[in-house]
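**Q** My structure is below; once you've seen it, I'll send some questions.
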Amino acid sequence: MKSMQRFFLLMICLLPLLGIHAQDFTVTGKVVDNTGLEVIGANISIKGSAGVGTITNIDGQYTLKVSNPAKDVLIISYIGMKTQEIAIKGQKQINVTLQEDSKVLDEVVVIGYGTAKRGDLTGSVVSVKNEDLMQTPTSDVAQALAGRVAGVQIMQSEGEPGASVSIRVRGGISITQSNEPLYIIDGFPSEDGMNSLDPGEIETIDILKDASSTAIYGARGANGVVVITTKKGAKDSSKMNVSFNSYIGIRKVNKKLDVLSPKEYVLLDYERNVAFYGESGVRRFQNSYGSFREIDENYGNRKGVDWQEEAFGRVTTSQNYRVNISGGNKELKYSLSYNYVKDLGAMIKSGMDRHNVSFNISHKASSRFQANARLSYDESKTYGMGTSEGNNRFNKMEHILQYRPVNSLTGNDRDLITGDDDLIDDESNPMQSPILSAQEETKIRKVRSMQANGGFTFNFTKRFSFRNSTGMRYQTSRQDIFYGEKSITGKRSSINGNIAYNENGSFQTSNVFTYDYRGKTHKLNVMAGQEWISRWSKYLGAYATNFPNNDIGLDDMGLGTPSEIRSSVNDDDRLLSFFARANYNFREKYLLTATVRADGSSKFAAHNKWGFFPSVSAAWRLSEEEFIKKLNLFSDLKLRVGYGLAGNNRVASYTSLDLLTSTRYPIGEALSPGYATSGIPSADLKWESNKTLNVGIDMGFLEQRIIVSPEFYLNKSSNLLLNSRVPTSSGHKTMMRNIGKTSNIGFDLSITSVNIQKKNFTWTTNFNVSHNRNKIEALSGEQYFLEEARFGYDQKTHKIEVGKPIGQFYGYKTLGLYQVEDFDYNAKDQTYTLKEGIPYMSGTFNRSDIRPGMWKFDDRNGDKVIDDSDMTVIGNANPDFYGGLNNQFKYKGWDFSFFFTFSYGGEVLNATKLTNTKTATTNYSVLNIANSSNRWMTVNSEGQLITDPEEMAAINAGRTVACIYDMEMGDKYIHSWAVEDASYLRLSNLSLGYTFDRKKLRKFNVQSLRLYFTGSNLFVWTPYSGFDPEVSTKGNSLTPGVDYGAYPRNRSYVFGLNITF
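Going letter by letter, the sequence shown gives residues -22 to -1, 1 to 1039 in mature numbering (1 follows the signal peptide of the UniProt record, and there is no 0).
This is the structure in structure tokens:
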């Protein structure tokens, strides 16, 4: 008995020592991936012990104290790797090799005011990671995103630096208003989309495509939502990370348009002089270019001036430098980034400079309180005239393509480049070298943006939390345009210029409560919140003409003759919102999501200020059902169905109010200032709305090595804003009303596959394809109306019609050219008269004006007269389907990828071809399609006018382009000859890189180093004859797909490095 007492007494004395020994037990080890590379920042924790854990350092090593080494279990996890659990069992060193996880079900996705696991999604959400964006070295996020997301069509209007980019999620809903999606950056809306973002700063982009996902954004979500999450600091507490990423590229326009050779130009000028001016024209021609018989001798081998080469044929450079400093630990993370971009445009005196600075910080003060903040400043300068401005011969591209390639017979062609031109055209307009003109033109746009936002989260309990987010944004922009004395604009009018200044800002705050319950069978996440957004903007514009010289320019507008100063205060609006969402998960099989949002906007009429936007979606994870498991086929199988209502509030702030505008009234002989009504107020103005039904299937095979996700959707949009006609007695023509309806039906398909996965070699493929069919269901009472994409033709270009898609081209159907047999020939007078019964264009022409070789159009109604009633739909800008294909290979340290984008169907109205084949005006060149082999000729090989019918028919057999007479008298008609197939297959990106072995870099204190080469826009296979089929220079929501003087795109070759210390 005494011995037992002594034993228990001894144990009681030893217990504290045992406890001390247990607390001092330390586990160390190293974590690597399946290639042997260290995994930095892997999470090491104790199963069942909240708050106990650490992360691996820069060498992949960790140290962790444990309290019960006999029973504790380590949990090792890292994003993109399979999580492992390892029992310690008294081991002091545990090394771990993590395997790549092809499953993406646990990937976190931002869904609006919160996050969710991808496997729990019930709506249509797609994500793009930073490594995908960085495959395309560009300063434009939208370009890097193009072709990578099913259901999202991205089109750059042209190749000019800073050119606008159009993004359409499943076609867009509106007829007259903006169809751009809502952009959310770190929880805050961005008014200028992604224009000012540095792609390297982005962590992920999540795109919400259906209304069940976007309804949480209510009145702003009808066109989809693009949610951007920027990078935060690293968690490695051992060292601060400094990374430097840079690339330098060379660029050159990948295509030039074929224009007349010097010989062809001189031959055309001879034909024009003979046809229009007779003997005096021949003498004028001979004084400049010599005799007709010597054209081949004098100009057959003459090089002339290639104005495209002079204007935008140079090899230019692009430079991008990015520095990032980041670090942190479990409590604090920070990231400071600076990015500088310098792009030289292909066009002389054009380019872009941009600076981005951003700072992110987050702090976990305790398990209850966390806070974060982000500051950013962006400054950009875009300079140089574009090629697509204007709607007449002032258009820069027309100027380049049409300026004559040769000087006189005795003149030096190179003198044309910088010499002042004393020639005038047939309309008495002075002419000028496009190069000299460009050197006398200034266009500079500067934009400065500052954004500050932040917030905090307070956890009342483990399940119940509160989140506040507050931020503001301020932006200024100024655009200066000046035309000097020797610019073509200055020569034809006067030295003139203008300044446009815009200032805008916004403020937002939101408060969100979240309850999160996670049981073994049931999981419930409920969120409710409130949001307030305030926006304002101001504009001031000034214009002056008749400057005495170029010396001071816009620095003193008073030197010119000023016009009225234009100013306005607009788009001041407020938005108050209340919203809620509930996510329910039963046994990981049955998922249900319901959202609701109420938005109150100052933009709309008093009785329509509030909108209500509900949605519901559900998913059934069939792969968790026993009858599916028995098939041993799917690693994941989930059926998703969603239905919701979202809105579009992108309308001018005061449309519902009775507004006044300043004007001048004649009183006696003077004009006195006053006010007039600017329009009829839309007293019933309300939201545009979009109802969406979405059905999707997520299928995974071979442990998620193959993932297939088809989705089908039907969008029904109503209350769309249209200008409805009103009685002229009102003093106005139209008023804005909510009366339009559209629908979009289509499908998206995404396929991701890991084709080969070995220790040293992997091959992955990503493919997506989309189809969308848009249809107008209702207009403002009429069956159709016409719109004009303005490029100098007084004809409507698009037909907006009930039952048809937006984007229909409208014009005459071309049957070819009038042939000799269509005419009666009078040998005595040597004249041609169109036969009775042969249709001709009325209004512009008399029957006697029509000549062989003019364009011949289809008489659709058979009345023997070509007029407006014969105009019809001649094309459609919408593609049948579009998408992208990316293949990526990795072998040890090498990586290689190639990325194709494609579009099939859809057409382009080639206004550049239409306006640059007008052969009638002397001293102007044209596209080579109108050369002497294709053009209907009016002179023979001897330089004589052709009058004999047989000779005319023989010489012009098979000709496809109208004669000079038609181009003189009938060049303002839009017809199907100018509508071309816009299908294409583009090798958008090809990249080869090498990442150095980390172990070898360690002795240089370098964490990682990658060198790479990338070629972009390398090849485009297309039947389109213009610069590029992916273009829309004069397009808006109503008039897409027009190519008028588009700035040509570059082919680029980039060399870069990414290094982290």
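No residue lacks a Cβ here, since even glycine has one placed at the ideal position from N, Cα and C.
Owing to the predicted nature of the structure, the values given are computational and were not obtained by experimental measurement.
#1: Going residue by residue through the segment 493 to 564, where are the continuous beta strand (DSSP E) segments of at least 3 residues, counting only ones entirely within it?
#2: By how many angstroms is the C-alpha of Ser144 removed from the C-alpha of Asn46?
#3: Along the alpha helix (DSSP H) that carries Ser191, what are the first and last residues, could you check?
#4: Fully enclosed by the segment 692 to 726, which beta strand (DSSP E) runs are 3 residues long or longer?
#5: Taking Gly364 as the reference, give the member of Tyr796, Thr992, Glu376 with the closest Cα.
#6: Quick one: is Pro240 buried, meaning 16 or more other Cβ sit within 10 Å of its Cβ, or exposed?
#7: Below 8 Å, can you find three or more Cβ-Cβ pairs linking the segment 586 to 604 to the segment 153 to 164?
#8: Under the three-state reduction of DSSP, which class applies to Glu158: helix, strand or coil?
#9: Name the two residues that bound the continuous beta strand (DSSP E) containing Asn279.
#10: Going by C-alpha to C-alpha distance, which of Thr1000, Val998, Gly1023 sits closest to Ser1010?
#11: Among the residues of its own chain, which have a CB less than 6 Å from the CB of residue 1056, if the five just before and after it don't count?
#12: Relative to the C-alpha of Gly227, which candidate in Ile273, Leu322, Glu287 has its C-alpha closest?
#13: Measure the C-alpha to C-alpha separation of Asn370 and Arg642 and round it to an integer number of angstroms.
#14: If you draw a straight line from the alpha carbon of Gly14 to that of Lys421, how long is it in whole angstroms?
#15: Tell me, please, which residues DSSP counts as bridged to Lys842.
#16: Residue 1043 to Val384, Cα distance in whole Å?
#17: Just the C-alpha distance for Ile734 and Thr743, rounded to the nearest angstrom, thanks.
#18: Between which residues of its own chain and Gln39 is the CB-CB distance below 6 Å, once the five residues before and five after are set aside?
#19: What three-state label does DSSP hand Tyr267 in the structure shown?
#20: From Thr740, Asn701, Ser731, pick the residue whose C-alpha is nearest to that of Gln682; which is it?
#21: Closest to Gly831 by CA distance: which of Arg441, Phe725, Ile206, Asn934 is it?
#22: Starting from Phe605 and walking both ways along the alpha helix (DSSP H), at which residues does that stretch end?
#23: Can you tell me the Cβ-Cβ gap for Ile1026 and Lys233, rounded? I've got them flagged as a contact below 8 Å.
#24: Give the range of the alpha helix (DSSP H) segment to which Ile402 is assigned.
#25: Counting C-beta neighbours from all protein chains within 10 Å, is the total for Glu509 16 or more, i.e. buried, or is it exposed?
#26: Using a Cβ-Cβ cut-off of 7 Å (strictly less than) and excluding sequence neighbours within five positions of Arg544, which residues of its own chain qualify?
#27: Measuring CA to CA, which of Lys753, Glu1008, Ile784 is closest to Glu765?
#28: Whole angstroms is fine: what's the gap from Tyr860's alpha carbon to Asn1014's?
#29: Please report the residue range of the alpha helix (DSSP H) in which Glu109 lies.
#30: For Val260, which residues from the same chain have a beta carbon less than 7 Å from its beta carbon, with the 5 sequence-adjacent residues on both sides left out?
#31: Which term fits His585, buried or exposed, when burial requires 16 or more other beta carbons within 10 angstroms of its beta carbon?
#32: Would you check if the distance between the CB atom of Ser696 and the CB atom of Ser667 is smaller than 9 Å?
#33: Straight-line CA distance for Gly462 to Gln417?
#34: Cα separation between Phe1039 and Ile303?
#35: Please return the same chain residues whose Cβ sits closer than 6 Å to the Cβ of His(-2), not counting the five positions on each side in sequence.
#36: With a cut-off of 8 Å, do at least 3 Cβ pairs link the segment 126 to 137 to the segment 896 to 906?
**A** In short:
#1: Counting whole runs of 3 or more residues, the segment 493 to 564 contains the beta strand (DSSP E) stretches 500 to 523, 544 to 564.
#2: If you take the alpha carbons of Asn46 and Ser144, they lie about 59 Å apart.
#3: Per DSSP, Ser191 belongs to the alpha helix (DSSP H) from 189 to 192.
#4: Correct list: empty.
#5: For Gly364, the nearest C-alpha among the options comes from Glu376.
#6: Looking at its Cβ environment, which holds 16 or more other Cβ atoms inside 10 Å, Pro240 is buried.
#7: Contact fails: fewer than three Cβ-Cβ distances are below 8 Å.
#8: Coil.
#9: First-last for Asn279: undefined, no H or E at that position.
#10: It is Gly1023 whose Cα lies nearest to the Cα of Ser1010.
#11: As displayed, the chain neither begins before -22 nor continues past 1039, which places residue 1056 out of reach and without an answer.
#12: The residue with the shortest Cα to Cα distance from Gly227 is Leu322.
#13: Residue placement at Asn370 is poorly supported in this model, since its pLDDT is 48, which falls under 50; the coordinates still yield a value, given next. So the two alpha carbons sit approximately 30 Å from each other.
#14: C-alpha separation (whole angstroms): 55 Å.
#15: Residue pairing of Lys842 in beta bridges, as defined by DSSP: absent, with no partner found.
#16: Past the boundaries of the shown model lies residue 1043; the chain is included only from -22 to 1039, so the question cannot be answered.
#17: Pairing Ile734 with Thr743, the inter-Cα distance amounts to about 10 Å.
#18: Lys8, listed in sequence order.
#19: It is helical.
#20: Between Gln682 and the set Thr740, Asn701, Ser731, the nearest pair of CA atoms involves Ser731.
#21: The alpha carbon of Gly831 has as its nearest neighbour, out of Arg441, Phe725, Ile206, Asn934, the alpha carbon of Asn934.
#22: It spans 604 to 607 - the alpha helix (DSSP H) in which Phe605 sits, taken as one unbroken run.
#23: First, the amino acid is wrong: residue 1026 is Pro here, not Ile. Their Cβ separation, rounded to whole angstroms, is 6 Å, which keeps Pro1026 and Lys233 in contact under 8 Å.
#24: For Ile402, no alpha helix (DSSP H) run applies, since DSSP gives it neither H nor E.
#25: Flag for Glu509 reads buried.
#26: If we look at Arg544 and ignore the five residues flanking it on each side, its Cβ neighbours are Gly519.
#27: The shortest C-alpha to C-alpha distance from Glu765 to any of Lys753, Glu1008, Ile784 is the one to Ile784.
#28: Tyr860 and Asn1014: Cα-Cα distance of roughly 20 Å.
#29: For Glu109, the uninterrupted alpha helix (DSSP H) segment begins and ends at 108 to 111.
#30: Close CB contacts of Val260 within its chain, under the 7 Å cut and outside five residues either way in sequence, are with Asn251, Val252 (chain order).
#31: The residue in question, His585, is exposed, as its Cβ has fewer than 16 Cβ neighbours within 10 Å.
#32: Cβ distance < 9 Å, so Ser696 and Ser667 count as in contact.
#33: Cα-Cα distance, rounded: 9 Å.
#34: Phe1039 and Ile303: Cα-Cα distance of roughly 10 Å.
#35: Bear in mind that a pLDDT of 41 at His(-2), under 50, signals an unreliable position, so the number given afterwards is only what the model happens to contain. No residues qualify anywhere along the chain.
#36: A contact between stretches requires three or more CB pairs, one per stretch, nearer than 8 Å, and the segment 126 to 137 fails this requirement with the segment 896 to 906.
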